[in-house]
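For what it's worth, my numbering labels the leading residue of the sequence shown as 3, then goes sequentially.
Below is one structure; the comments refer to it alone.
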Amino acid sequence: RCFQEYYRVLKPGRWMTVEFHNSRNSVWNAIQEALQRAGFVIADVRTLDKQQGTFKQVTTGGAVKQDLIISAYKPNGGLEERFKLEAGSEEGVWDFVRTHLRKLPVVVEKDGQLEVVAERQNYLLFDRMVAFHVQRGITVPLSAAEFYAGLAQRFVERDGMYFLPEQAAEYDKKRLTAKEVKQLELFVSDESSAIQWLKQQLLQKPQTFQELHPQFMREIAGWKKHEKPLELLELLEQNFLRYDGKGEVPSQIHSYLSSNYKELRNLPKDDPKLQAKAKDRWYVPDPNKAQDLEKLRERALLKEFQEYVEQASRPGSRKLRVFRLEAVRAGFKKAWQERDYQTIIKVAR
């Protein structure tokens, strides 16, 4: 209701900025959906580091350190008027995309590197286009495959992002003077890709929950609607290890810290300075410990799958609208090994 009121009083074509501070993915998803239901179009998501943290942020490992800043705009009157005439047509789709691309940042530079503008990637452009149609009760005229093909034909692609011709020229000019373009991240759309993304981040740099959280929240914008939303802490606890500051610093963290901090080089793994810097960092476990983690994760997945079985067994039960795909896979695998085909059929229906 708040966003609907903001939408009502805001002039067409104008912007609204929302500052978000919460560790739960469900709250983040609810805010995004509420913005889109109100009529806003999300154009950018960035992090805001306030430098000085609160007492809770400093002392609690699971607290969020950085806020997320969501930039959203109210479509201008011209687009809305044109869309009434073009609604449900391909031209309406491309009119929206052209207007949306004009609103997005062209170049984002940090420490001499060009950052990938996530909202310019094909899957998020498709998501915003679909949301724009659905919010107005209009049938989406293109499938994802047709949209992606049309996007490549009509717009200029650079480093996995799409631009208007004049924007591409501006980006190319800036690219010549930048050191490099940050590697395009994995497309996070479900539990499996989220784990891979986390693994990629932690192999490069063992990080605390506070460091990972704002990055993770930005990446899950394209989460599949039928896939059960998972909290970052749950994914970390089931797939990675955290150093609690006791005993020797794990070699994965030790090698990173000694390579990037001069004052920590050549220190023994149990040095207090090294332990303090390493405390609460998550890291990718070695293969032996990874097997133990996999068993714990499988147990949690099978427990959730059993809930689906019980739900499917109830009289008049409905189809699951949101579920954890990895739990279904684990359950089907176990049922197949045990030749329990009836369970597979029951849940599949």
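Glycine residues also receive a C-beta, built at the ideal position from the N, C-alpha and C atoms.
Given ASN124 as reference, the closest of PHE149, LEU70 and GLY139 once Cα atoms are compared
Out of PHE149, LEU70 and GLY139, the CA that lies nearest to the CA of ASN124 is found in PHE149.
Own chain partners of GLU309 with C-beta closer than 8 Å, once the 5 adjacent residues on each side are dropped
none
Between ALA45 and GLU111, how many whole angstroms is the CB-CB distance? I'm expecting something under 8 Å.
Actually they are not in contact, since the Cβ atoms of ALA45 and GLU111 sit about 18 Å apart, beyond 8 Å.
Return the CA-CA distance between ARG331 and ILE197, expressed in angstroms with no decimal places.
15 Å
Could you check which residue in GLN217, LYS227, TYR285 and HIS228 has the C-alpha nearest to that of ASP238?
Residue 238 is actually Leu in this sequence, not Asp. LEU238 has its Cα closest to that of TYR285, out of GLN217, LYS227, TYR285 and HIS228.
For ARG244 and GLN339, I'd like the C-alpha separation in whole angstroms.
33 Å
Considering Cα atoms alone, identify which of GLU168, ALA147 and THR49 is closest to ARG100.
GLU168
Closest by C-alpha distance to LYS175, when choosing among ARG299, VAL108 and LEU269
VAL108
I think ARG3 touches TYR75, with their Cβ atoms under 8 Å apart; what is that distance to the nearest whole Å?
20 Å between Cβ atoms; not a contact.
Quick test of your reading: TYR258 and PRO208, contact by CB under 8 Å. State the CB separation rounded to the nearest angstrom.
6 Å
Name the DSSP bridge partner or partners of GLU221?
According to DSSP, which records beta bridges pairwise, GLU221 is partnered with nothing at all.
Terminal residues of the continuous alpha helix (DSSP H) containing LEU81?
79-88
Express the C-alpha separation of LEU269 and SER261 in angstroms, rounding to a whole number.
12 Å
Sheet register partners of THR49 (DSSP bridge)
LEU70
Quick one: residues in its chain with C-beta nearer than 7 Å to the C-beta of GLY90, no 5 flanking neighbours on either side, listed in chain order?
Taken in chain order, the residues that qualify are ILE140, THR141 and PRO143.
Between which two residues does the alpha helix (DSSP H) harbouring GLU21 extend?
Where GLU21 is concerned, there is no enclosing alpha helix (DSSP H), although the beta strand (DSSP E) it sits in stretches over 17-22.
Unbroken alpha helix (DSSP H) run spanning VAL330, endpoints
Start and end: 327-339.
When you compare the CB positions of GLN137 and GLY41, do they come within less than 8 Å of one another, or not?
yes
Kindly indicate which residue of SER28, THR210 and GLU265 has the alpha-carbon position closest to the one of LYS227.
Among SER28, THR210 and GLU265, the Cα nearest to that of LYS227 belongs to SER28.
Relative to the C-alpha of ARG160, which residue among GLU265, ALA133, VAL119 and ALA146 is closest?
VAL119
Residue-level contact to chain B via CB, ASP273, 8 Å cutoff:
In the structure shown, chain B does not exist; there is a single protein chain.
What does a CB cutoff of less than 6 Å around HIS256 pick up in its chain, not counting 5 residues either side in sequence?
LYS271
Would TYR164 be called buried (16 or more neighbouring beta carbons within 10 Å of its own) or exposed?
buried
Confirm, please, whether the CB-CB distance from VAL324 to ASN201 is below 8 Å.
Correcting the residue type first, residue 201 is Lys in the shown sequence and not Asn. No, they are not a contact pair.
For LEU12, which residues of its own chain have a beta-carbon under 8 Å away from its beta-carbon, when the five flanking residues on both sides are left out?
MET18 and LYS76
Grab me the residues of GLY63's own chain with a C-beta within less than 7 Å of its C-beta, minus the 5 sequence neighbours each way, in chain order.
Residue confidence is low: GLY63 scores 45 on pLDDT, short of 50, so the model does not pin down where it sits. No coordinate-derived value is stated.
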